[in-house]
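What the sequence shown shows, in this note's numbering, is residues 58 to 668, in sequence order. Every residue, glycine too, gets a C-beta built ideally from N, C-alpha and C. Everything below concerns the one structure shown next.
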Amino acid sequence: MKTYFKLLSFAKPLGKFAVPYILTTILAVIFGTLNLALLIPLTDTLFKADTNAIHSIPFPEFSLTLDYFKNIFSYYFNEIAISQGKFGTLKFVCVIIVSSALLSNLFRYISQRVMEELRIHTIENLRISVFNNIMNLNIGYFNNERKGDIISKVASDVQVVQYTVTSTLQVIFKEPLQLVVYFIILFKISASLTLFSLIVVPVSGLLIARIVKRLRKQARESQERFGNMISFLDEALSGIKIIKAFNATEFVKNRFNNENKEFSRLSRSMVRRQQLASPLSEFLGIVTVAGILLYGGNMIMNQQNSGLTAAEFIGYIAIFSQVTRPAKAISETFTQIHQGLAAGERVLELIDTPVLIVDKKNATAAAPFNSKIEFKNVSFAYKDRPVLNNVSFTIEKGQTVALVGPSGSGKTTICDLTPRFYDINSGNILFDGIDLRDLKADSIRSQIGIVPQESVLFNDTIFNNIAFGKPGATKEEVIAAAKIANAHEFIINTENGYNTNVGDRGAKLSGGQRQRLCIARAVLTNPPIMLLDEATSALDTESEKLVQDALNNLMKNRTSLIIAHRLSTVKNADKIIVLDQGRVIEEGSNAELLVKEGLYHKLINMQSFEV
Numbered sequence: 058m059k060t061y062f063k064l065l066s067f068a069k070p071l072g073k074f075a076v077p078y079i080l081t082t083i084l085a086v087i088f089g090t091l092n093l094a095l096l097i098p099l100t101d102t103l104f105k106a107d108t109n110a111i112h113s114i115p116f117p118e119f120s121l122t123l124d125y126f127k128n129i130f131s132y133y134f135n136e137i138a139i140s141q142g143k144f145g146t147l148k149f150v151c152v153i154i155v156s157s158a159l160l161s162n163l164f165r166y167i168s169q170r171v172m173e174e175l176r177i178h179t180i181e182n183l184r185i186s187v188f189n190n191i192m193n194l195n196i197g198y199f200n201n202e203r204k205g206d207i208i209s210k211v212a213s214d215v216q217v218v219q220y221t222v223t224s225t226l227q228v229i230f231k232e233p234l235q236l237v238v239y240f241i242i243l244f245k246i247s248a249s250l251t252l253f254s255l256i257v258v259p260v261s262g263l264l265i266a267r268i269v270k271r272l273r274k275q276a277r278e279s280q281e282r283f284g285n286m287i288s289f290l291d292e293a294l295s296g297i298k299i300i301k302a303f304n305a306t307e308f309v310k311n312r313f314n315n316e317n318k319e320f321s322r323l324s325r326s327m328v329r330r331q332q333l334a335s336p337l338s339e340f341l342g343i344v345t346v347a348g349i350l351l352y353g354g355n356m357i358m359n360q361q362n363s364g365l366t367a368a369e370f371i372g373y374i375a376i377f378s379q380v381t382r383p384a385k386a387i388s389e390t391f392t393q394i395h396q397g398l399a400a401g402e403r404v405l406e407l408i409d410t411p412v413l414i415v416d417k418k419n420a421t422a423a424a425p426f427n428s429k430i431e432f433k434n435v436s437f438a439y440k441d442r443p444v445l446n447n448v449s450f451t452i453e454k455g456q457t458v459a460l461v462g463p464s465g466s467g468k469t470t471i472c473d474l475t476p477r478f479y480d481i482n483s484g485n486i487l488f489d490g491i492d493l494r495d496l497k498a499d500s501i502r503s504q505i506g507i508v509p510q511e512s513v514l515f516n517d518t519i520f521n522n523i524a525f526g527k528p529g530a531t532k533e534e535v536i537a538a539a540k541i542a543n544a545h546e547f548i549i550n551t552e553n554g555y556n557t558n559v560g561d562r563g564a565k566l567s568g569g570q571r572q573r574l575c576i577a578r579a580v581l582t583n584p585p586i587m588l589l590d591e592a593t594s595a596l597d598t599e600s601e602k603l604v605q606d607a608l609n610n611l612m613k614n615r616t617s618l619i620i621a622h623r624l625s626t627v628k629n630a631d632k633i634i635v636l637d638q639g640r641v642i643e644e645g646s647n648a649e650l651l652v653k654e655g656l657y658h659k660l661i662n663m664q665s666f667e668v
């Protein structure tokens with residue numbers, strides 16, 4: 058129930074939908090039941106021998122009871138029978154039946170419209186909450202989770218959840234209300250027959266409960282399998298070149314197919330259980346109707362003193378035959394609810410994942426960068442894996458500072474901590490003397506431009522990719538940024554210039570072209586601080602020169618922090634910080650570090666560069 062109430066919270070304001078739904082459902086049930094109850098006077102009129110023997114009856118006194126409305130109908134029925142005879146009475150009953158059917162279906166349509174609005178409203182709020190929370194999660198979360206499973210939760214599981222809230226409201230209100238009204242009418246017609254018919258209800262309920270018992274567990278497992286399939290698909294599409302290069306096509310196919318078979322097995326098992334509940338409830342209902350026919354028919358044929366006429370018995374059978382419909386709907390809905398709750402648990406896990414990087418209540422916006430960034434005794438670990446240990450250094454305004462060291466020494470982590478993608482475990486990172494945790498994260502990041510080693514482009518036009526960080530940028534601004542990034546020339550030679558689509562992840566462009574677009578994007582926002590995870594390490598010589606020239610243009614008059622893979626690219630840096638196993642072991646200019654003949658000197662010799 059806890060899961061259900063959490064899901065129900067996304068339907069707020071619930072009263073906006075619940076009140077009209079309840080009112081229209083009540084009216085639909087009343088008119089729908091009246092339609093069946095009118096079979097009794099209709100049958101009575103058709104088979105009554107003599108309407109001339111009918112005498113006038115007084116108009117009933119008002120009382121808010123079912124008998125009052127029944128007596129009102131009887132009064133007018135009686136008056137028409139006296140004045141217009143059998144055929145007139147028959148016309149009267151037919152008009153009432155048609156009117157009742159019209160109103161019943163009209164209110165049923167309105168209630169379904171309201172419920173559909175509630176479903177769409179709920180799913181819209183749920184999707185917004187899921188996506189917003191995903192966007193707010195720290196970067197470390199995505200390193201530990203499969204992207205395909207996240208996509209499955211947002212797309213598939215949310216889609217399954219959408220009917221849980223609406224189906225449950227129907228189960229707890231509409232169908233039970235329909236059953237209650239039916240049984241009130243049935244008790245009014247014959248209490249003994251109704252008590253006899255109620256024997257099947259607990260038996261049917263127990264059997265259906267046993268059938269759907271394992272559905273929730275199976276549904277959750279099925280959705281997890283589907284998430285795995287989406288993950289495999291995402292990995293296969295992303296790594297298609299590597300898969301083919303290593304002749305791993307059959308391996309990837311088998312992995313996907315095995316997961317697909319397991320998903321299909323669970324789906325078949327669930328469908329069998331779902332499909333069994335409905336026919337079982339219907340069959341038990343028909344068995345009960347047959348029993349009633351025997352029991353009630355025997356009462357009438359033997360003319361027992363039951364007070365039950367033939368017309369009432371026919372009406373009773375007609376009404377009771379409809380009892381199976383809401384009972385069947387309840388059994389079908391319970392299977393949907395179990396599936397929806399299982400999917401809801403997975404979606405809520407995503408929504409309830411805590412956002413680790415949160416601004417303090419009293420956090421202030423960072424003033425424009427003016428002085429320096431300081432790392433003071435900074436230590437950091439990814440869960441239980443230490444990465445930085447007591448790191449201290451300073452980046453003065455206007456300086457170009459390079460981070461060098463072996464793989465795993467903590468270079469990228471320092472770049473991720475500077476814009477506060479993670480919070481440190483101990484120590485301080487100061488932005489103009491103020492701890493990053495005391496400043497609003499957005500105000501810090503707005504002053505930092507990032508050019509990653511792996512180009513990140515979106516499946517959009519070149520113009521929109523460059524203008525990504527500055528909505529509303531003019532064409533002149535975008536072109537100016539592209540020129541600084543040495544990108545303008547190749548852009549105008551593409552098919553549609555700045556309106557050319559770059560493809561999925563920039564697949565239509567070369568590595569050097571992608572990097573230059575990323576540099577142009579950083580140039581356009583004109584940030585005072587640049588973080589560069591050296592973008593030239595995976596490029597050919599010609600592309601490297603163009604990109605390096607673009608980077609040099611980008612760093613002019615800016616404070617820059619560079620991760621250096623090729624040490625020849627940082628020999629002109631104002632300061633070089635050498636890291637090893639999460640510690641700063643050397644610091645100084647290129648010339649100073651070469652004199653020391655420490656790790657930096659060793660790395661230079663290993664790369665066989667002339668410095």
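With 16 other Cβ atoms within 10 Å as the buried cut-off, status of residue i
| i | result |
| --- | --- |
| Lys613 | exposed |
| Val76 | exposed |
| Ala106 | Caution applies to Ala106, whose pLDDT of 49 falls short of 50 and renders its modelled position unreliable; the value that the coordinates give is listed next. Label assigned to Ala106: exposed. |
| Lys231 | buried |
| Asn442 | In the sequence as presented, Asn is not what sits at residue 442; that position holds Arg. Per the 10 Å Cβ criterion, exposed. |
| Leu243 | buried |
| Val652 | exposed |
| Cys151 | exposed |
| Ser428 | exposed |
| Glu591 | buried |
| Pro383 | buried |
| Tyr439 | exposed |
| Val412 | exposed |
| Gly354 | exposed |
| Glu332 | Note that residue 332 is Gln in the sequence shown here, rather than Glu. When all chains shown are included, Gln332 counts as exposed. |
| Met358 | exposed |
Extent of the continuous alpha helix (DSSP H) run through residue i
| i | result |
| --- | --- |
| Ser500 | Ala498 to Arg502 |
| Ser224 | Val215 to Leu226 |
| Ser209 | Lys204 to Ser209 |
| Lys245 | Glu232 to Ile246 |
| Asn200 | Ile196 to Asn201 |
| Pro77 | Gly72 to Ala94 |
| Phe525 | Careful: Phe525 lies outside any alpha helix (DSSP H) and carries neither H nor E. |
| Tyr61 | Lys59 to Leu65 |
For residue i, the first and last residue of its enclosing beta strand (DSSP E)
| i | result |
| --- | --- |
| Glu453 | Arg442 to Glu453 |
| Val461 | Thr457 to Val461 |
| Ile586 | Ile586 to Asp590 |
| Arg573 | Arg573 -> not in any beta strand (DSSP E); alpha helix (DSSP H) instead, spanning Gly568 to Thr582. |
Simplified DSSP assignment, three categories, for residue i
| i | result |
| --- | --- |
| Gln133 | According to the sequence as given, residue 133 is Tyr; it is not Gln. Helix at Tyr133. |
| Lys429 | strand |
| Arg170 | helix |
| Ser279 | helix |
| Thr518 | strand |
| Ile507 | strand |
| Phe116 | coil |
| Asn553 | coil |
| Phe488 | strand |
| Thr366 | coil |
Rounded C-alpha distance that separates residue i from residue j
| i | j | result |
| --- | --- | --- |
| Leu487 | Val535 | 33 Å |
| Tyr373 | Leu93 | 9 Å |
| Arg325 | Glu402 | 22 Å |
| Tyr166 | Ile394 | 23 Å |
| Glu174 | Ile185 | 17 Å |
| Val559 | Pro509 | 18 Å |
| Leu398 | Ala85 | 29 Å |
| Asn662 | Glu552 | 45 Å |
| Tyr717 | Thr90 | As displayed, the chain neither begins before 58 nor continues past 668, which places residue 717 out of reach and without an answer. |
| Phe119 | Phe134 | 18 Å |
| Thr470 | Val309 | 33 Å |
| Gly348 | Phe149 | 33 Å |
| Thr60 | Ile208 | 21 Å |
| Ser279 | Phe313 | 15 Å |
| Asn482 | Asp517 | 39 Å |
| Ala367 | Ser224 | 39 Å |
Residue-level contact to chain C via CB, residue i, 8 Å cutoff
| i | result |
| --- | --- |
| Thr470 | Going by chain labels, chain C is absent from the structure shown, which holds only one protein chain. |
- request: Pick out the complete beta strand (DSSP E) segments inside the region 602–659, 3 residues or longer, and give them in chain order.
  value: 616–620, 632–637 and 640–645
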